[in-house]
Every structure is written in structure tokens, then in C-alpha cells.
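Protein chains in written order, with this note's numbering: chain A, 1 to 195; chain B, 1001 to 1757.
The structure appears below as C-alpha cells.
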Ligand code: FES
Ligand code: FES
């Protein structure tokens, strides 16, 4: 005996599509006007309408931090934000922090410390770290770890992310105790170089 | 006391970039947001969006799809389902990709039958993403529901021997001696059952395909998230009867894969199908929930029995595993063999079986099989060491093997012993009190120290590359390989730069396009070895041509010098015997009048040489945990991961691989579990909030040690790969440390606090 199951629509009435509206966003110092449905997220507005694909989508539910951008200097999850609400605010994305040829100190620190692998969480990590630095309340390793914990990294680059953030936070003066690399060369069985 | 069989590799060059900790060449693109992933490419003309609808039932049949209601919404272009998707290729083999297991591959939107929960049942295509998502949410579908079974433990009786058929799968080793008798008679013995549940790869980037419809016949540029563009192209060509020109697959950046991108996933089928049917550019991106709808590390039940004599020598060793698979394919992993490779025993028994349940086919997930078997066997070995009254590290060294007992072959190289010694020294293992529950920190937390070893294959696949040296002296090397974060971009640039003695800035390595020479999927830790050797070969061929051209120059100082006797250093070719006999590569190019010099290169396994040997990478992992007994919380405060994996091409990126592997091992030990509700036949925690992986605050100090090996048998460039090995040992070492801290042996993952209370 088989059962019947109906996958019901979320909304039964035949929907009428709300027309797209004109929305002006100030992103990385530029005003840009787009035509979008009112329920378009800030993340989708950036990625699909403004061709600013540096901001990533990892979950679309505020769970991973890949979509982190700065609004008036504070970090937010852009997947949980409706684009239209952010008119008149200063939105900064990874593209606004620095470019390939002219990296910001934080971006350069991420490269130098190999603080990423696949790179997909990276723009979110960097924007989040920039937000953390702007907030100015984290100083120690443990504080940074804690306040960077809204940004998942499936590649597991966490120790290197910590090193990169600490370096910029303390102008290159921080000593971070999160592990070393030792190479034992072929010729000997003794450790010869510690970095 | 390290054992190396290999003859020393010929190092002819001294402008060394190989082995240096060089920053990723793709780093600036990744940190600035310029790196483009599959869902981020622009198309020619307007783009439509596809949104996938999945089945809420685990088994049954679709009886009606009310597509007309959705098609009435302005801006909705089409609703694809089994009702209107034309049949493409007929035979199963057309749907088989390079790494498909045996069986009958899943065909999306092919028939009304439902075989697993979250099976894709429709694709709604609309003008915008917002509209496609909305339209998909109002699509009404009727099902006839049948009784499913997703409970592996209920079908243990139906288990069958895992069939061969999948690339890389090794059936269990043959038994030796008399296991039962030896176990019975041995003075020290343990027996245990080990369990882990389904786990999902969950790379950060969700699966996505952007099809750029070029409007010239069926020509498409297919930007796909994959670990292997050529594998996806073959799959699409067979199913849709396309030429390689029509189905050009591009994958420049891959936001993690960990195995999930080895096989083409259903969004690429759906996007290409829709583009062909609508003759239009289409983008399809999965949701995080849909990332739980195809493939996972299989739920596996394991049993081990190990016994030793009075001195601590292992006399009996038995490792059995039973894993789930789907109703339609036989997903196989090498689970039990590793135990037999790491430890010698005169009496052994190995077994590996499958049972079918109503889920999607399991799929390789970082260190597939080995991570499963390693947790169980390294926990069991640890337990036996206590029974035999030995230190867990001493016990492992006592049972160290210099050849592979499962195949009776020597290893091409194995410095696991040095990993143990260097790792123990760095960790301070000699300060360990052997008694469980004997160590506490200043805050009164229980402290536990654990050790475990790991083992993975050093393997090589066929790969090809092309090198083009242009008149301005810039070298461009390409191969259709992948970089899911492994560092392929930078290490291949190093390989090319070193081979021709050019500065790194003068070399570009590009990948991820089926217009480039073919390469295997990125998996199994074989990319550095296989593609690296192909890149070297291509560059050497260019080098040979350059030398010939140099010798045609008037009064060439290199006249009569063979390629083998020449070196490529600092932009010059020089005679080994007299380096003052030298010509600048720029001068050769200028004198030749050629606008470019190009050559193809290839590499592949060398069975004649390699069949006599067993080829493996190894590691030894030391872990400190702190346990709060009142709360049952565990913190991993310190890890030392010592890895022997041949030569390390770039210690910076290789270290990252091992750091990532360590985080994965910790994650498997303490967090990862996809809850399968057998009533609903459905994974319940299908999102990042409920599927737990570590965050920054969970990860503390990780030391990485590379014990380098010389090995030109396993690899012509001496490389074994580090993608998987770093994960091994970690999970068991944590479980062993938890035992040392608490006296509790937990045999079911993950090690959540409820299991300690
Ligand atoms: S995409 Fe916004 S938090 Fe994951
Ligand atoms: S670098 Fe891959 S997810 Fe963080």
C-alpha cells in the first residue's frame, strides 16, 4: 500500500511578481543603481547585478561568514541583508580593500602567511578581520580566534589566518604561538631548520 | 635508521626554487576577490537562472508535477522534469565518469522513480535568480510514497563482498596463518567495534555551473565547479553527444572539493541540459542543503581483534569493515588494508563488505577509506599497547615493518621511524606519565597525550602538459589539472621555472580548461607527482630545442654539448663541465628568429619499475587534549604532525595542506556527523549551523614536521603528495589522548561530550 505525499507550495495563490525597483547602492565609494526585486539580498545584488563577485556565498543563511562585507566600517553577513535597506550606507567589499596589484596590508599578510587554500572563504575572512581591526577591542591570540570564529574555513587555514590578522593588528610586532614548521632533510635525521 | 632504496635524484640545477617556501602565485587574485569561481563568470548575452527542486521523500514515484501553475508566472522560462527532459544517451556507460564506482550511475530527471531523499526532481529556469527561487518554491509535486530503508544496521545480514571496479580500490589482503587460534592463545588481546556515521565533504563553495551559450551551433563554455574539467567534459560529451569543441569545460578556481568534485555533480548535467534545450546561457547553483544530496563519507561499522605475545609483538590481527552503499552503485573504499601495511603479524584476517540502503551513493572524502580504517586500527593498537604494558609509541616502534606485509614487497621509501622520533622529540613525549588519568594542568583539567600513525598511497596517473616559450622570454605552461587549494598553481610554476632556469616572474602556469593537455582529476594526492612530472617533461623538451638552436649559433660555446651535460640556470644554458661555456636563453631566442618554442610533455606510472615495490607516504601524530570532566568538554591544545611524503616542492603550501588535514582529522574526531533520520530517510542537519566543523577558536597549536625522503621510484620527481596524509593519524591520536586523559575508550565518532559523561 503506497502513501500519497504532496510537496505543497509555500504560497498557494498564483503569485503576481512584484516589479523590479530601482535601488542605488554606494559600493567602494561609487553610487551604482540597479533594478532588482525588493527581496534581493545585498549578497546577490553584489554578485549577480553589480558583478562584484569577490564577496562569496557559502550558505546563504548567515552561518558561514563567506559573504562578510563592511557597512559603514562594520562587518555584516550580506546574505542576511536586503539590498534595498542599505541604500545611503557606505558598503565596502573585498574589491574595495585593495586590488591584485595593490594589496592592502591585510591582504598581503594573508598571502605571506598562506592564510587560505581554496580561497573561497578568504574575502569574507579578510573583511571580517578588517572589521575586527576597526572595532579595536581584540588584542590577544585568544580574542582574535574568538572574534574570527564567525568565518568558517573548510580548508582549515585557521592557524595561518590567526598569524596574518595578528601581524596587521600589531604592526608586525606580534609573536604568535600557533605552531612551527620543521624540515628534516634527506641526508640527516636531525632537524636542521626551524622557521 | 631510515631506509631509502632510491638512487639519488639527478640534481643538475642550482637555481633552486623547488623546495622553497614561495607564496602562491594565485594568492593576490584570491585575496583581492579577482579569482573567479564557477558561478562568477559573465556570459555573452543575457543569463537565465536555474533553481533545483529536490524530493522530500526517500523512496517512491512522482505521480504529478503541476508545472503549468509555475509556467504561468511571467519571467519563468521552463520547468524541466522527467516529463519533458528528452532521453539522451541510452547506456549506463555513457553516464559513467572516470572515477565512477561499479553499478548504474544516477541520471538526473530521467524517470519518475525516487531513490533517495533530496533527489533532484525538477529545474525551474527563469530570468532572474530571485524569480527562479520563488517559482521553485511554489512548484507543486505529487508523489506515491514507498517504504524506504536507510538503516545500515538492519541490513547487516545482506552484506556482500565489495566488488572491484573503481579506480584505486584495493580489495582486502589475503588472510595469513590461523587468526582464531593465534588470537585465542595470545596472552594480550583486545577486540573492539568502531563506528562513524555519514559525513559530508561540504567545501565552502557550493556546486555551481555557468553555461555560456555561444550561439554557434551547440558551442558552449561550461564553467563548472569540479576537481577535474576533463572528467566533466567526457561525461557531458557522452551523454549529450557533443564534440570537445562544443563542450569546453573551464574550472580556474575551485572553492574546495575534498572528493565531492571528483565526479560530475547533477547541477552540471542540469545546466547543460537546460542550455541545450533553451539555446540560452544558464547558471545553476546548489544551495547548502543540496550539498547534502550527493555523496558522503559512508557510515561504516568496523571490528578489530589484535593480540600480542608477552614481549609485545603482534601475533594476530583482524580488521573487518561493513560500509553502506546506494541501491544503484557499489561505492568502494580501501579501508582495512592500511592496518596490514603498517603492522606485521603472522596471522591475519581482513574483510570489507557493503550493504545497500536508500541513500545516494557514497563518494570519496579526504583520505577516503584510510581515514575510516585508520581511526579504528590506531585506536585498537593503542588499546593493545596498554594491555601489553608498553608505551604506545614503543609498541608501535616494536611492531615497525620495513616492508609491506600485505604484498611482501619493499617500500620505495619509508621514514615513519624518523617521523616517530622527530615528532616525539618536538612534542616532549618522554615527559609523559603512562598512567591514564595521571596528568592535570594548573587549572585541574585532565591532560591526555596520544599518538597514532597514518599511511596513504603514493600514486601516479597519466598526465600531460604543454610549454610555450615566447620570443620575449616568457614561459607559459598549461595542463587541464585543478587547484582546489592544494597549491598546484605555485608548485607547477616552480617546477617549470626550475627546469628551464628562469625566474618565477617569467613563468605562468595555467590550468582548468579542457583546451589544455589532459590531466587526471585532482584527488588521491597524485597531482603534484603526475602533473609535476608532465610539466618537467614539457619544459625539458623546450630545453632540448633551445640547446639545438644555441648550437646553430655562430661559434656556439655549447657546440657538442649533450642535453644531459647541460644545465639551465639563471636564464642561461651552460655546459656542466665548464660553466663559462654559456649562452643566454634570450640571445638564443633572438638569434633563432622564432616567435615561440613549444613542446608537449607527458608522464605516467612506470609499472615495470614500480610493481616490485609498495609505495606509500606515512605520518606520526602526537596530540595533547585537555578534558573538563564536569562538562565533558575536550580541547585539543597541541598537535605535532610529522609527515614523510618524499620531497616537498613548497614547504609553505605543503604545510598548509597538513594543517588543513590536521583540522580535518580533528573535525572527524570531535564534530562531524550527518544525522540520518531513518523514519524520514533523510539527513537532518543539512546546513552549516547544524553540521559542525571547527571554527578558529577550536584550533590551537599545530607543529608540522616534514621528514624528507629520496624516492625516484614512486615518482620521477621524488614527490609523494600531501593532500591526504596530513589527515591520517589525527583522529585516532585524539581518541587515544582522550583515553589517556580520562581512562575512557570511545569507539564511536564523533567524540562529543555526551560520550564522556
Ligand atoms: S553566505 Fe552569508 S553567512 Fe554564509
Ligand atoms: S581557504 Fe578554502 S575554505 Fe578557507
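Cβ coordinates follow ideal geometry from the N, Cα and C atoms, glycine included.
Quick caveat: nothing in here was measured; it's all calculated off a predicted structure.
query, result
"Can you tell which of B:1557, B:1329, B:1314, B:1160 has its C-alpha closest to the C-alpha of residue 1346 (chain B)?", "B:1314"
"State the Cα-Cα distance for the pair residue 1710 (chain B) and residue 163 (chain A), rounded to the nearest angstrom.", "32 Å"
"Measuring alpha carbon to alpha carbon, tell me which residue in B:1524, B:1405, B:1272 is nearest residue 1364 (chain B).", "B:1524"
"Looking at C-alpha atoms only, which residue of B:1256, B:1591, B:1542 is the closest neighbour of residue 1555 (chain B)?", "B:1591"
"Between residue 1748 (chain B) and the rest of its own chain, which residues show a CB-CB distance below 8 Å, the 5 nearest in sequence each way excluded?", "1194, 1195, 1196, 1755"
"For residue 1030 (chain B), which residues in the same chain have their Cβ closer than 6 Å to its Cβ, ignoring the five residues on either side in sequence?", "none"
"Using three-state DSSP, classify residue 970 (chain B) as helix, strand or coil.", "The structure shown does not extend to residue 970 (chain B), since chain B is modelled only from 1001 to 1757, so the question has no answer here."
"Cutting at 8 Å between CB atoms, please list the residues of its own chain near residue 249 (chain A), excluding the five before and the five after it.", "An answer regarding residue 249 (chain A) cannot be provided, because it is not within the stretch 1 to 195 covered by chain A."
"Give the single residue among B:1394, B:1367, B:1473 whose Cα lies nearest to the Cα of residue 1457 (chain B).", "B:1367"
"Please tell me whether residue 1609 (chain B) and residue 1454 (chain B) are closer than 8 Å, where the distance is taken between their beta carbons.", "no"
"Pull up the distance between the alpha-carbon of residue 1214 (chain B) and that of residue 1227 (chain B), whole angstroms please.", "24 Å"
"For a test of the three-state rule: what should DSSP assign to residue 135 (chain A), helix, strand or coil?", "helix"
"If you follow the alpha helix (DSSP H) that residue 1539 (chain B) is in, where does it begin and where does it stop?", "1527–1552"
"Please decide whether residue 1023 (chain B) counts as near chain A, where near means a Cβ-Cβ distance under 8 Å.", "yes"
"Let me check understanding here. Comparing Cα to Cα, which of B:1137, B:1272, B:1344, B:1688 lies closest to residue 1236 (chain B)?", "B:1272"
"Whole angstroms are fine: how far does the CA of residue 1027 (chain B) sit from the CA of residue 1485 (chain B)?", "10 Å"
"Can you find at least 3 beta carbon pairs, one from the segment 1274–1288 of chain B and one from the segment 1252–1261 of chain B, that sit closer than 8 Å?", "no"
"Between which two residues does the beta strand (DSSP E) carrying residue 1456 (chain B) extend?", "1446–1457"
"Please name the residue, chosen from B:1605, B:1522, B:1695, B:1645, that lies closest to residue 1635 (chain B) on a Cα-to-Cα basis.", "B:1695"
"Cα-Cα, which of B:1499, B:1599, B:1129, B:1317 is closest to residue 1181 (chain B)?", "B:1317"
"From which residue to which residue does the alpha helix (DSSP H) around residue 1387 (chain B) run?", "1370–1387"
"Am I right that residue 1049 (chain B) and residue 1125 (chain B) are in contact with their C-beta atoms under 8 Å? What's the rounded C-beta distance?", "7 Å"
"Are residue 1521 (chain B) and residue 1249 (chain B) closer than 8 Å when you measure CB to CB?", "no"
"Of all Cβ atoms in chain B, is any one closer than 8 Å to the Cβ of residue 120 (chain A)?", "yes"
"Flag this pair as touching only if the segment 1390–1400 of chain B and the segment 1348–1359 of chain B have three or more C-beta atom pairs under 8 Å; answer yes or no.", "no"
"Return no unless some Cβ of chain B is closer than 8 Å to the Cβ of residue 61 (chain A).", "yes"
"Can you tell me which of B:1599, B:1630, B:1445 puts its alpha carbon nearest to the alpha carbon of residue 1537 (chain B)?", "B:1599"
"By Cβ distance below 8 Å, which residues in the same chain neighbour residue 116 (chain A) in space, the five residues on each side in sequence not counted?", "110, 122, 125, 153, 155, 157, 160, 161"
"Of all the options B:1058, B:1724, B:1435, B:1377, which has the alpha carbon lying nearest to the alpha carbon of residue 1735 (chain B)?", "B:1377"
"Buried or exposed: where does residue 1753 (chain B) fall if 16 or more other Cβ atoms within 10 Å of its Cβ makes it buried?", "exposed"
"Is residue 1399 (chain B) helix, strand or coil when you go by DSSP?", "coil"
"Less than 7 Å separating the Cβ of residue 43 (chain A) from some heavy atom of ligand 1?", "yes"
"The beta strand (DSSP E) spanning residue 1235 (chain B) covers which residue range?", "Unbroken run through residue 1235 (chain B) is the alpha helix (DSSP H), 1229–1240; no beta strand (DSSP E)."
"Check residue 92 (chain A) in the structure and name its three-state DSSP category.", "strand"
"Taking only beta-carbon atoms, is residue 48 (chain A) less than 8 Å away from chain B?", "yes"
"Does DSSP put residue 1715 (chain B) in a helix, in a strand, or in coil?", "coil"
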